[in-house]
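First up is the structure itself, then whatever we jot down about it.
In the numbering used here, the protein residues as written are 48 to 389.
So this is what it looks like as structure tokens:
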């Protein structure tokens, strides 16, 4: 998009975010008792959670502009600053001031608000955030693109969040802890995949605008290279985990059987990142939503049926789900942008 179009998009996102903040805040105030019983915490923390989400929108906007402008140093310093200050303030409130979980909430709110103010200053200074009339055709296009991503994002929680409730119901909280511990090692692979995708998506979008045979060959070579790299990272994480856990975390030794399915599942998630950008580029978010929601519903049914026989089944269901989504996204992306024939 051009700079003016990007301004219009940011204007639309800001407007939608303000409108959503107002509506949800009103719902929280009207249904205070209902939401307190549902979530298990008071209305003040409901509002704080809502504000954190609102502040994060503008922090992400600022980071996305730097990503699109290919300014990795500013992107890295800013995101690292958020993480570091969040950690330090959380430790101060939780450890030094003995504020338990509320300290984490207050730290998150404070840091996201601080960087929200910084982001607003940056966005205004660079003339990305301006008061202007909403571009109605672009608003319709943005909603058409963005709304399917809401259930798409929820599907990720279906595949991971609900699993923990099912495990706790059929097996117990100890099994939840073991699986969650093993997930930490798989998340190392996830983080590497997401970090690469932050820059790779810009590379793909730029090349798709100037599509030709040579560019497709270049993208294909890079895709093969990254698949190999992700596989090597996965093997390294697996081998390291098998070696280190018995010596460094001996009380979690029973989490070792979960490592293979979760780490291989993380590998397929990284491969998925290599191909999902084609769906975004061609604005096929409805197709992506259909894939992830369908697989997530199947994941839930399989988890509900088989978890009662052991948590290891849940780990392999996660592997199956990630594999299925990866394969379906690859097949769909090849219909939009045939790559492997080159």
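Backbone N, C-alpha and C define an ideal beta-carbon position, used for all residues, glycine too.
Should residue 342 and residue 313 be called a contact, given that it needs their Cβ atoms to be closer than 8 Å?
For the purposes of this step, residue 342 is taken as the residue at position 295 of the chain shown. For the purposes of this step, residue 313 is taken as the residue at position 266 of the chain shown. In this structure, residue 313 does not lie closer than 8 Å to residue 342 by Cβ.
Tell me which residues share the same chain as residue 211 and place their Cβ nearer than 8 Å to its Cβ, disregarding the 5 neighbours each side in the sequence.
Position 164 of the chain shown, counted from the first residue, corresponds to residue 211. Closer than 8 Å at the Cβ level, and outside the excluded window around residue 211, lie 223, 226, 227.
Can you list, in chain order, the residues of its chain whose CB lies under 8 Å from that of residue 137, leaving out five sequence neighbours each side?
Reading the chain shown from its first residue, position 90 is the one you call residue 137. Counting only Cβ-Cβ distances below 8 Å, and skipping sequence neighbours, we find 150, 151, 154, 155.
Just confirm the distance between the C-beta atoms of residue 249 and residue 115, as a whole number of angstroms; I'd bet it's less than 8 Å.
Numbered from 1 along the chain shown, position 202 holds the residue referred to as residue 249. Numbered from 1 along the chain shown, position 68 holds the residue referred to as residue 115. 6 Å between Cβ atoms; contact.
Same chain, Cβ closer than 7 Å to residue 159, five either side skipped, listed in chain order
Position 112 of the chain shown, counting from 1, holds the residue named residue 159. Taken in chain order, the residues that qualify are 99, 102, 103, 106.
Does the beta-carbon distance from residue 365 to residue 241 come in below 8 Å?
Position 318 of the chain shown, counted from the first residue, corresponds to residue 365. Position 194 of the chain shown, counted from the first residue, corresponds to residue 241. Cβ distance not < 8 Å, so residue 365 and residue 241 don't count as in contact.
Report buried or exposed for residue 62, applying the criterion of at least 16 other Cβ atoms within 10 angstroms of its Cβ.
Position 15 of the chain shown, counted from the start, is the residue given in the question as residue 62. With fewer than 16 other Cβ atoms within 10 Å, it is exposed.
Under 7 Å Cβ to Cβ from residue 186, same chain only, skipping five residues before and after it: list those, please.
Numbered from its first residue, the chain shown carries residue 186 at position 139. Answer for residue 186: 59, listed in chain order.
Taking DSSP as the reference, what is the three-state secondary structure of residue 280?
Counting from 1 along the chain shown, the entry for residue 280 is found at position 233. Of the three classes helix, strand and coil, the one that applies to residue 280 here is helix, per DSSP.
Which same chain residues end up closer than 8 Å to residue 94 when comparing Cβ atoms and leaving out the 5 residues on each side of it in sequence?
Translated into the one-based positions of the chain shown, residue 94 becomes position 47. Hits under 8 Å: 72, 75.
On the three-state DSSP scale, how would you describe residue 49?
Translated into positions along the chain shown, residue 49 becomes position 2. Residue 49 falls in the coil class under three-state DSSP.
For the candidate residues 194, 307, 275, whose alpha-carbon lies nearest to that of residue 288?
Here residue 288 refers to the residue found at position 241 of the chain shown. Nearest option by C-alpha distance: 307.
My output table needs one value for residue 163: the three-state DSSP class, helix, strand or coil.
As a working mapping, residue 163 is identified with position 116 in the chain shown. Three-state DSSP puts residue 163 in a helix.
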